[in-house]
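Protein chains in written order, with our numbering: chain A, -1 to 439; chain B, -1 to 439.
All C-beta atoms in this analysis are idealised placements derived from N, C-alpha and C, irrespective of residue type, glycine included.
On a predicted model such as this, the values are computed, not experimentally measured, just so you know.
Protein chains: 2
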Amino acid sequence: MELVVGGGIVGLSIAWRLSRAGRPVTVVDPAPASGASHAAAGMLAPVSEVAYTEEPLLRLGVASLRRWPSFAAELAEDAGLPPGVLAPSRPPGPFGGARPVPSSPSRSGPVPSSPARSGPVPSYGLDFRADGTLDVAFGADDLAALDELAGFMDKLGLPVERLTGRECRRLEPMLAPSVRGGLLAPGDAWVDPRRVTAALLAALERLGVPVVRARVSELLRAPGGPGDGSGRGPAVVGVRLDSPAGGGDLPSEIRADGVILAAGAWSGELYDLPIRPVKGQIMRLRSPEPLLGRCVRGMVHGAPVYLVPRGDGELVVGATQEEMGFDTRVTAGGVYELLRDARELVPGVTELEVAEVVAGLRPGTPDNLPLIGPAGVPGLTLATGHHRGGVLLAPLTTAILLGEEPESAALCSPARHQPAPGAHDRPSGPYDGNSGSEEMG
Amino acid sequence: MELVVGGGIVGLSIAWRLSRAGRPVTVVDPAPASGASHAAAGMLAPVSEVAYTEEPLLRLGVASLRRWPSFAAELAEDAGLPPGVLAPSRPPGPFGGARPVPSSPSRSGPVPSSPARSGPVPSYGLDFRADGTLDVAFGADDLAALDELAGFMDKLGLPVERLTGRECRRLEPMLAPSVRGGLLAPGDAWVDPRRVTAALLAALERLGVPVVRARVSELLRAPGGPGDGSGRGPAVVGVRLDSPAGGGDLPSEIRADGVILAAGAWSGELYDLPIRPVKGQIMRLRSPEPLLGRCVRGMVHGAPVYLVPRGDGELVVGATQEEMGFDTRVTAGGVYELLRDARELVPGVTELEVAEVVAGLRPGTPDNLPLIGPAGVPGLTLATGHHRGGVLLAPLTTAILLGEEPESAALCSPARHQPAPGAHDRPSGPYDGNSGSEEMG
Chain A
-1 MELVVGGGIV GLSIAWRLSR AGRPVTVVDP APASGASHAA AGMLAPVSEV AYTEEPLLRL
59 GVASLRRWPS FAAELAEDAG LPPGVLAPSR PPGPFGGARP VPSSPSRSGP VPSSPARSGP
119 VPSYGLDFRA DGTLDVAFGA DDLAALDELA GFMDKLGLPV ERLTGRECRR LEPMLAPSVR
179 GGLLAPGDAW VDPRRVTAAL LAALERLGVP VVRARVSELL RAPGGPGDGS GRGPAVVGVR
239 LDSPAGGGDL PSEIRADGVI LAAGAWSGEL YDLPIRPVKG QIMRLRSPEP LLGRCVRGMV
299 HGAPVYLVPR GDGELVVGAT QEEMGFDTRV TAGGVYELLR DARELVPGVT ELEVAEVVAG
359 LRPGTPDNLP LIGPAGVPGL TLATGHHRGG VLLAPLTTAI LLGEEPESAA LCSPARHQPA
419 PGAHDRPSGP YDGNSGSEEM G
Chain B
-1 MELVVGGGIV GLSIAWRLSR AGRPVTVVDP APASGASHAA AGMLAPVSEV AYTEEPLLRL
59 GVASLRRWPS FAAELAEDAG LPPGVLAPSR PPGPFGGARP VPSSPSRSGP VPSSPARSGP
119 VPSYGLDFRA DGTLDVAFGA DDLAALDELA GFMDKLGLPV ERLTGRECRR LEPMLAPSVR
179 GGLLAPGDAW VDPRRVTAAL LAALERLGVP VVRARVSELL RAPGGPGDGS GRGPAVVGVR
239 LDSPAGGGDL PSEIRADGVI LAAGAWSGEL YDLPIRPVKG QIMRLRSPEP LLGRCVRGMV
299 HGAPVYLVPR GDGELVVGAT QEEMGFDTRV TAGGVYELLR DARELVPGVT ELEVAEVVAG
359 LRPGTPDNLP LIGPAGVPGL TLATGHHRGG VLLAPLTTAI LLGEEPESAA LCSPARHQPA
419 PGAHDRPSGP YDGNSGSEEM G
């Protein structure tokens, strides 16, 4: 049996895909679906979410975005969700070439859309939408940055459309008058992460995958194990659980043939990893009718802010990035900055009701790339360090572990952060549930 | 039996004082202590809360503030609260004359204090504190306004101290460096309104006063009653209740010898009154240690903002004033303004945790004065229209109804808003529970 430590979107996705592939698996998490996945906005926007220097991360995002529609469809099926179809917020228009200009000033008029879509978008009951992301610019610096980004996307063959301020406001009439230009990434999508984790838990239940509600206190090592010569200790053979407060019938440990560490920002508490918590505060506003048709992003006061519309009229405003350790307080300063910046992008947000503010902790890594693959100690595989990309990268992460994405696997190999002691310096291979089992005691 | 419609701080206070005076009384409210009293900050600050043109309101506030210490002490006793004593946040210093200047730059040094206090302040378990309010000014206009206000207070014989910016920061080191001057009203106090309403409910229970959890749908009139010639209808003889959703054993009506309408912003729904809801959004921040020693107020961007410290480290930031009808949504714009303005006063608030944001509806009147006394129809007495002053004015309101404050009663007489049809144009007299009973059917 393989044990996934962590019940966020990454851990639950892995358990689901492994179980689907016929492999016995168990998940352990004190409160599944309550961490960063609960706070996340759910932008599936590799183009917009990335600094241009981060081409590897961009490639990962594009590869994972490509997997999202089938991931969502299969998940909805396994979770027993009704085949939800979300009507497009506006009638789909023809794809108008390299730099299509929307011709109608009306809010319901034709808009540029990606060639891949026409007609209603299936939402799979997950509020999955693919209406693109609009990056907007206010000043000359921002405009120049958008031009540069557009050129970069073009070079990579990614669909992108450069828009004037007026064109931006035709697409999104609620945008601030001060918006001077924009960049539409028509292929970008988004999803409601809370619906995704709920669907994953439902799918796991239907597949008979146990989800143990307990906190892992430490990794179990093979007694007297020889180690692997890397100095990272003997083989991992399971986990020890915190003794439950109320007694209960929980075991004190769970033994497994392989442990997959998907504990997000807490991963470094269980194994020596260059993972740090990056706090994000995010706000949910409630709108009687949708204020936006798609995700809108912009740089305001030097910080990125984004607005993600949900099918139910919610508008998610995110997110702060704070190096505060394991601090999940919602602060006056965080809320203030989110509202200040959202107002700059879309002044009309002030009228909306505040439904919720939450803080989550992203698992940050030194190079902003996740750690996916063999940890460098027998019996332990990593699937963590997704930082701001956990929701986007969940499908790709499962594919890497199943050996379906060798190129991405190489980019995410944990070996890049390890002192290279020979054998474990290899690039990540497919996760077979027995990595290093020959060394287990 | 007298029936109080409304279980906010005003209605509950009246019921308590009437019962204490030996008169049978009942309260009816669908959710006592959940309206404006729940949202209120609890400043007992007649001097600071008033525009200088509002001398009548100021006089009411001063009269009620004078009653607060004994009101709080007796309430604590009747509610069975332990005789809580709150240590002063800083060691009390000597009162230094007409315009004392604090001489110590340290945070724990002596501060100007009112002559009435030295040593620990009794909090009566209500978080009642009397460390004064500091009004601060940023610009030349604000400073001039403070000078004018100081002169006005002086003329009225109210204690007030004019401070420089530096003196303000000596008193409250967390104040923004841009504060250029201030006005200390050393006699101002504050209290936790939620503790007060909880204590009132406890006191009523101990006194055996029924609190009926139901919504009043209308006032019951004497059938075929002659009216009083004012066109305001026949005598009020009780109330009709909304039929409870879950069945229950509630009666469909409650008959009473007199009805006291203390339904706050909803009072106008039951009787023709010039009452409108004035929405206020307020925020509670959580501080590991107190950021302020007293209430701080200032004008920021043309709007007043205040910060009220609680004994448990909470800092209340208030409050918006919005004419939005019966809308109690917490909005992005309201939260934004509160945080923006609070930051201007005390930049350090950004570090605090956001504990709660709530919205309440104040009962506004055309002249900002409450309506207390005979309504002008037999059997009905008003105790409403307290606008922003419900907490401050609760003790005075009960005193007016018990005939103890004829001068204040004249200022609050509902007759001032009525077409004068003779008999009911008289100033308010003491409430005897039988107002106009000779005319009842």
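Whole angstroms are fine: how far does the CA of residue j sit from the CA of residue i?
i, j, result
"Pro171 (chain A)", "Thr195 (chain A)", "33 Å"
"Val353 (chain A)", "Ala301 (chain B)", "The question names Val, but residue 353 (chain A) in the sequence shown is Ala. In a straight line, the C-alpha of Ala353 (chain A) is about 25 Å away from that of Ala301 (chain B)."
"Phe126 (chain A)", "Gly374 (chain A)", "36 Å"
"His415 (chain B)", "Ile12 (chain B)", "23 Å"
"Ala187 (chain B)", "Met41 (chain B)", "6 Å"
"Ser297 (chain B)", "Ala39 (chain B)", "Note on identity: in this sequence residue 297 (chain B) is Met, with Ser being the wrong assignment. Computed Cα separation, rounded: 17 Å."
"Leu73 (chain B)", "Leu198 (chain B)", "7 Å"
"Asp310 (chain A)", "Gly6 (chain A)", "23 Å"
"Cys293 (chain B)", "Asp129 (chain B)", "8 Å"
"Ala317 (chain B)", "Ala143 (chain B)", "21 Å"
"Val315 (chain A)", "Pro361 (chain B)", "34 Å"
"Tyr334 (chain B)", "Arg327 (chain B)", "14 Å"
"Pro275 (chain A)", "Phe324 (chain A)", "6 Å"
"Pro28 (chain B)", "Leu248 (chain B)", "12 Å"
"Asp255 (chain A)", "Ala212 (chain A)", "19 Å"
"Leu337 (chain B)", "Arg284 (chain B)", "14 Å"
"Arg386 (chain A)", "Ala37 (chain B)", "37 Å"
"Glu320 (chain B)", "Leu350 (chain A)", "14 Å"
"Pro404 (chain B)", "Gly149 (chain B)", "28 Å"
Grouping DSSP H, G and I as helix and E and B as strand, with all else coil, what is residue i?
i, result
"Leu305 (chain A)", "strand"
"Gly296 (chain B)", "strand"
"Ala61 (chain B)", "helix"
"Ile273 (chain B)", "coil"
"Ala392 (chain B)", "helix"
"Thr363 (chain B)", "coil"
"Asp310 (chain B)", "coil"
"Gly346 (chain A)", "helix"
"Gly6 (chain B)", "coil"
"Pro113 (chain A)", "Reliability fails at Pro113 (chain A), whose pLDDT of 36 lies under 50, so the model's placement of it is uncertain and no value is given."
"Trp14 (chain B)", "helix"
"Ala254 (chain B)", "coil"
"Gly40 (chain B)", "coil"
"Val194 (chain A)", "helix"
"Pro372 (chain B)", "strand"
"Leu161 (chain B)", "strand"
Residues of chain A with CB under 7 Å from residue i, in chain order?
i, result
"Val347 (chain B)", "Ala330"
"Tyr122 (chain B)", "The premise fails here: Tyr122 (chain B) is roughly 30 Å from chain A at the closest Cβ pair, so nothing lies under 7 Å."
Hey, would you say residue i sits closer than 8 Å to residue j, going by beta carbons?
i, j, result
"Leu394 (chain B)", "Ser411 (chain B)", "no"
"Thr363 (chain B)", "Gly371 (chain B)", "no"
"Ala34 (chain B)", "Leu359 (chain B)", "yes"
"Ala357 (chain A)", "Gln279 (chain A)", "yes"
"Val257 (chain B)", "Val237 (chain B)", "yes"
"Val303 (chain B)", "Leu239 (chain B)", "no"
"Arg341 (chain A)", "Thr131 (chain A)", "no"
"Pro307 (chain B)", "Pro288 (chain B)", "yes"
"Arg193 (chain A)", "Gly123 (chain A)", "yes"
"Leu409 (chain A)", "Leu154 (chain A)", "no"
"Val235 (chain B)", "Gly377 (chain B)", "yes"
"Pro345 (chain B)", "Ala174 (chain B)", "yes"
"Val214 (chain B)", "Val25 (chain B)", "no"
"Thr329 (chain B)", "Thr348 (chain A)", "yes"
Interface residues of chain B around residue i at Cβ under 8 Å?
i, result
"Val355 (chain A)", "Val352"
Please compile the residues from chain A whose C-beta is within a distance smaller than 8 Å of the C-beta of residue i.
i, result
"Tyr334 (chain B)", "Tyr334, Leu337, Arg338, Arg341 and Thr348"
Can you pull the chain B neighbours of residue i, defined as C-beta to C-beta under 7 Å?
i, result
"Arg308 (chain A)", "Neighbours of Arg308 (chain A) on chain B: none; closest Cβ ~16 Å, over 7 Å."
Can you list the residues of chain A that residue i reaches, using a CB-CB cut of under 9 Å?
i, result
"Leu283 (chain B)", "Thr329 and Ala330"
Quick one: what's residue i bridged to in DSSP?
i, result
"Gln279 (chain B)", "B:Ala357"
"Asp133 (chain A)", "A:Leu181 and A:Arg295"
Is any beta-carbon of chain D found at less than 8 Å from that of residue i?
i, result
"Leu169 (chain A)", "Checking the listed chains, one finds no chain D in this structure; the protein chains it contains are A and B."
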